[in-house]
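What follows is a set of notes on a single structure, which appears directly below.
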Amino acid sequence: YVTLSHRWASSEVVELKSTNIDTFRQCIPLESLPQTFMDAIAVTRTLSIRYIWIDSLCIIQ
């Protein structure tokens, strides 16, 4: 897997929380992700790597 290291912006609203964990287990709404996340996902796919770790999406905040 790869990890995304990034600065947490105050406008970053997409976070894994106890209130949305069931939804995120089914599907994370890609259209709501910041461009930084989308770029990292695109690079991960280009490299044929299956998993990406993004703290705000992988750790309950």
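Per full-length UniProt numbering, the very first residue in the sequence shown carries number 1; after that it's consecutive. The beta-carbon is built from N, C-alpha and C at its ideal position, and this holds for glycine as well. Nothing here was measured: the structure is a model prediction, and the numbers come from that model.
Problem set entry | Backbone CA spacing between Gln-61 and Phe-37 [nearest angstrom] | Indexing the sequence shown from 1 puts residue 61 at position 61. Indexing the sequence shown from 1 puts residue 37 at position 37. Take the alpha-carbon of Gln-61 and the one of Phe-37: they are about 17 angstroms apart.
Problem set entry | Helix, strand or coil at Ile-41 according to DSSP, with G and I counted as helix | Residue 41 sits at position 41 when you count from the first residue of the sequence shown. Here Ile-41 carries a helix assignment [DSSP, helix/strand/coil].
Exercise. Hey, Val-43 and Val-2: beta-carbon distance below 9 angstroms or not?
Worked result: As a first step, residue 43 is located in the sequence shown; it is residue number 43 there, counting from the start. As a first step, residue 2 is located in the sequence shown; it is residue number 2 there, counting from the start. Their beta carbons are under 9 angstroms apart, which means Val-43 touches Val-2 by this criterion.
Exercise. Which one or two residues does DSSP pair with Ile-52 in a beta bridge?
Worked result: Position 52 of the sequence shown, counting from 1, holds the residue named residue 52. Paired residue(s): Val-2.
Problem set entry | Residue environment, Ala-9, which counts as buried when at least 16 other CB atoms sit within 10 Å | By 1-based counting over the sequence shown, the position of residue 9 is 9. The residue in question, Ala-9, is exposed, as its Cβ has fewer than 16 Cβ neighbours within 10 Å.
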